[in-house]
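Below is one structure, written out as structure tokens; comments come after it.
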Amino acid sequence: MSLRLFVPGDAGAVAVGSDEVALALRDAASRRDVPIEIVRNGSRGLYWLEPLVEVETAAGRVAYGPVGPADAASVLDAVLSSGRVGTLGPAVVEPSFAHPTAGAEHPLWLGPTEEIPFLKRQTRLTFARCGIVDPASLGDYRAHDGYKGLERALAMSPAAVIETVTQSGLRGRGGAGFLAGIKWKTAADTPADQKYIVCNADEGDSGTFADRMIMEGDPFVIIEGMTIAGIAVGATQGYIYVRSEYPHAIAALEKAIAAARREGMLGEGVADSPHAFDIDVRVGAGAYVCGEETALLDSLEGKRGVVRAKPPLPAHKGLFGQPTVVNNVLTLATIPVILDKGAALYANFGIGKSRGTMPIQLAGNIKYGGLYETAFGVSLGALVDDIGGGTRSGRPVRAVQVGGPLGAYFPRSLFHLPFDYEAFVKAEGLIGHGGVVVFDDTVDMAKQARFALEFCAIESCGKCTPCRVGSTRGVEAVDRIIRNEDRAGNIALLQDLCHTMQFGSLCALGGFTPYPVMSALTHFPEDFGHTPSLQAAE
Amino acid sequence: MSCTAGARQVARSGEDALVQYAPWDRETARAIIVGERWRPGALLPILHALQEEFGYIDRAAIPLIAEILNLSRAEVYGVVTFYHDFRSAPPGRHVLKLCRAEACQSTGGDALAARAEARIGVALGNTTPDGEITLEPVYCLGLCATAPSAMLDGRVVGRLDEQKLDALLAEVDR
Chain A
4 MSLRLFVPGD AGAVAVGSDE VALALRDAAS RRDVPIEIVR NGSRGLYWLE
54 PLVEVETAAG RVAYGPVGPA DAASVLDAVL SSGRVGTLGP AVVEPSFAHP
104 TAGAEHPLWL GPTEEIPFLK RQTRLTFARC GIVDPASLGD YRAHDGYKGL
154 ERALAMSPAA VIETVTQSGL RGRGGAGFLA GIKWKTAADT PADQKYIVCN
204 ADEGDSGTFA DRMIMEGDPF VIIEGMTIAG IAVGATQGYI YVRSEYPHAI
254 AALEKAIAAA RREGMLGEGV ADSPHAFDID VRVGAGAYVC GEETALLDSL
304 EGKRGVVRAK PPLPAHKGLF GQPTVVNNVL TLATIPVILD KGAALYANFG
354 IGKSRGTMPI QLAGNIKYGG LYETAFGVSL GALVDDIGGG TRSGRPVRAV
404 QVGGPLGAYF PRSLFHLPFD YEAFVKAEGL IGHGGVVVFD DTVDMAKQAR
454 FALEFCAIES CGKCTPCRVG STRGVEAVDR IIRNEDRAGN IALLQDLCHT
504 MQFGSLCALG GFTPYPVMSA LTHFPEDFGH TPSLQAAE
Chain G
12 MSCTAGARQV ARSGEDALVQ YAPWDRETAR AIIVGERWRP GALLPILHAL
62 QEEFGYIDRA AIPLIAEILN LSRAEVYGVV TFYHDFRSAP PGRHVLKLCR
112 AEACQSTGGD ALAARAEARI GVALGNTTPD GEITLEPVYC LGLCATAPSA
162 MLDGRVVGRL DEQKLDALLA EVDR
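Protein chains in written order, with the working numbering: chain A, 4 to 541; chain G, 12 to 185.
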């Protein structure tokens, strides 16, 4: 029995050196003649501690972090030296060898991983396995409650599966927040010879990485969720549309799909049932707008990612003109736990119409950045100040953008807002895909407003005029405001332009770009050379 | 595999991350296109496969794809030019992508991008005249809790700062 270590293979951990740490640990172990096994798990989501190295002990895992390659040898020595036998060598490495207090004297020792407050305070339903299992192992997935949801689903009628999803209150986690069960029912009720399940993994919002994390850390849960969806609506083919910026996620998904096919969990007769279901991974090509579901469908069909007018809804007429369920990664990854544990358990979390838990991503200039899954209702201030610990730079928090590049910038005065779809809409923002990007007091909000419009101009699919033209005219207006050219007139023009974009655009790109622009202007008028009194007079 | 274009970009440390591209060759291109055309909606997988082979989409590929997929040249051209990923010319020997999105802006990404531009001597979106390095903006690598982020020849780099950036540039210069 060798010593079992966990060193994340998650891209976020790799980006800060986890590959080098794994190599250094292997090297140190072989020089000490100690047999070790390194599992390249997903990330626990405690990114300020990455690379986070965990050691399996008789009483659960113990963490060290952030571990650099230069720390590897000393971490290994700390683990080994606190063992029952004083001499090093293979003989001492027994299953019970690594004691929970092993290496506690090491400066990077963090104690039992599950006891780290950032993790302990979370409610992990969607992310229950992420960072724990070996993402390449179907056996490990099963050993951690994997495929229990599918087992339940196969024992139910498709209609009952859909009803369970509806009862859970699960809403689309991509940002639109539409009830998943209703979408499924619409597709199920539309007769067709061929239907599709499309997993939207085009996670383009800055400040979000939950899709990436779960694709890399627990890919089988997405496969299971898609399979359940396929059986429920009568679809036999699934596609996962992943952005090209996520090569690690693509590799993890391909590996998991191949394993699922080998073990009869994809293909003809899934899990010995009469149902057929298979999944193909498709790679995007750097177009942000393809995260919009109809543009994504056109892209999957091999066309320009141009937004379609709705109706028809994709559930009626989607991919290749067939009924299609398009769900975000997190929506599909939450299906198995809902089927396994029941709709009521899930729906008991949350507030108002926002049921269940949300994997919130704390990002940007934040001290404790990472993945924080919790029930809806937590306040923005609690997320930023208490959980996130304020800024990484140590300067005061000035603005927080929630929901990606189309989300509003909030000042501290709105930190009481509960994380809830409706509350954020009421405050003229959105929760989107759950990304929270923190800015300190060095931020120039006029520059941020300009960027929002510039990004829209770069990424617009060009189909509708408000988005295509409005974004560029908006950049020009902000430039004139910054240059102090007829400031009042140009602010009025910008407001008018935003109004047109918001109500006249075909999709969320043009429709929501006004959120960051208008919120910057409303909450931070001083950055536009605009005095608060002038604004009040309007 | 439809995704090899992406999967091949995964570079682990210790490996030579530099990708050597083949020079444009019509027959190779034809074989790639024919090999992928069975897929429903085959155009994007085809373009990814061509770019993986040659490093860019040669203009001569457009009529070839159009003929094999029974599409108009305009349709194919429209798709190639719509997506930011597809290049019309070969990239430099190294490709350095710097994230320019909000989470990286909040952690000093603007200054790092300016530093990279100044040191390399080209603006984002360009290749140095000697063909050594292509500097590209990217809008989010999903590494937003360890921002600012970069990607050098497919290798992800987080917590980028001046020292790390300079080290990456020195690596390219080697």
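Where is the CB? At the ideal position from N, CA and C, for every residue including glycine.
- If you draw a straight line from the Cα of A/V136 to the Cα of A/P11, it comes to about 10 angstroms.
- The C-beta distance from A/A318 to A/A183 rounds to 11 angstroms, too long to fall under 8 angstroms, and the pair is not in contact.
- Closest option to A/G63, judged by alpha-carbon separation, among A/R43, A/L111, A/R7: A/R7.
- The alpha-carbon separation between G/G136 and G/P148 amounts to approximately 7 angstroms.
- In this structure, the alpha-carbon of G/D177 lies about 9 angstroms from that of G/R126.
- Residue pairing by DSSP puts A/Y242 in a beta bridge opposite A/V201, A/D283.
- Inter-segment contact for the segment 169-184 of chain A and the segment 245-255 of chain A is absent: fewer than three beta-carbon pairs are separated by less than 8 angstroms.
- Contact annotation, A/V405 with A/V441: C-beta distance approximately 10 angstroms; criterion of less than 8 angstroms not satisfied.
- Chain A has a Cβ within less than 8 angstroms of the Cβ of G/E113.
- Between the segment 19-33 of chain A and the segment 342-360 of chain A, the count of Cβ pairs shorter than 8 angstroms is below three; the stretches do not touch.
- Using a CB distance below 7 angstroms, the part of the segment 292-319 of chain A facing chain G consists of S302, L303, E304, G305, K306, R307, G308, ordered along the chain.
- An exposed status is given to G/W49, since fewer than 16 other beta-carbon atoms sit within 10 Å of its beta-carbon.
- When the beta-carbon positions are compared, G/A158 and G/V168 stay at least 8 angstroms from each other.
- In terms of Cβ geometry, A/L128 and A/E376 form a close pair [threshold 8 angstroms].
- With a cut-off of 8 angstroms on Cβ pairs, the segment 429-439 of chain A is in contact with the segment 195-214 of chain A, counting three or more such pairs.
- The criterion of a C-beta distance shorter than 8 angstroms is satisfied by A/I282 and A/I243.
- Three or more Cβ pairs drawn from the segment 289-305 of chain A and the segment 51-58 of chain G lie within less than 8 angstroms of each other, which places the two stretches in contact.
- For A/V439, the enclosing beta strand (DSSP E) begins and ends at 438-443.
- Take G/G142, set aside five residues on each side of it, and the residues of its chain with a beta-carbon closer than 7 angstroms to its own are G103, R104, in chain order.
- In terms of beta-carbon proximity, G/V45 stays away from the interface with chain A, with every pair separated by 8 angstroms or more.
- Your pair A/E462 and A/V478 does not check out as a contact, with CB atoms roughly 13 angstroms apart and the cut at 8 angstroms.
- Secondary structure at G/Y150: coil, using DSSP grouped into helix, strand and coil.
- Listed along the chain, the chain A residues whose CB falls inside 8 angstroms of the CB of G/H59 are S247, V286, A288.
- Residues of the segment 142-173 of chain G whose Cβ lies closer than 7 angstroms to any Cβ of chain A, in chain order: V149, Y150, C151, L152, G153, L154, C155, A156, T157, A158, S160, G165, V167, V168, G169, R170.
- Fewer than three Cβ pairs drawn from the segment 264-276 of chain A and the segment 416-435 of chain A lie within less than 8 angstroms of each other, which leaves the two stretches out of contact.
- A residue is called buried once 16 or more other Cβ atoms fall within 10 Å of its Cβ, and G/R84, having fewer, is exposed.
- Spanning the alpha carbons of A/A162 and A/G228 requires a straight line of approximately 16 angstroms.
- When secondary structure is reduced to three states using DSSP, A/P115 falls in the strand class.
- Within 10 angstroms of the beta-carbon of A/F527 lie 16 or more other beta-carbons, which makes it buried.
- In the same chain as G/I73, and ignoring 5 residues on each side of it, the C-beta atoms closer than 8 angstroms to its own belong to R84, V87, Y88, V91, in chain order.
- Scanning chain A for C-beta atoms nearer than 7 angstroms to the C-beta of G/G89 yields R307, reported in chain order.
- Annotated as proximal: G/I43 and G/E64, with beta-carbon spacing under 8 angstroms.
- In the DSSP assignment, A/I135 falls outside any alpha helix (DSSP H), carrying neither H nor E.
- G/M162 has G/K108, G/V167 as its beta-bridge partners, per DSSP.
- Boundaries of the beta strand (DSSP E) harbouring A/N330: 327-331, taken from the DSSP string.
- Put simply, of A/S33, A/K344, A/A288, A/F352 the residue whose alpha carbon is nearest the alpha carbon of A/R155 is A/K344.
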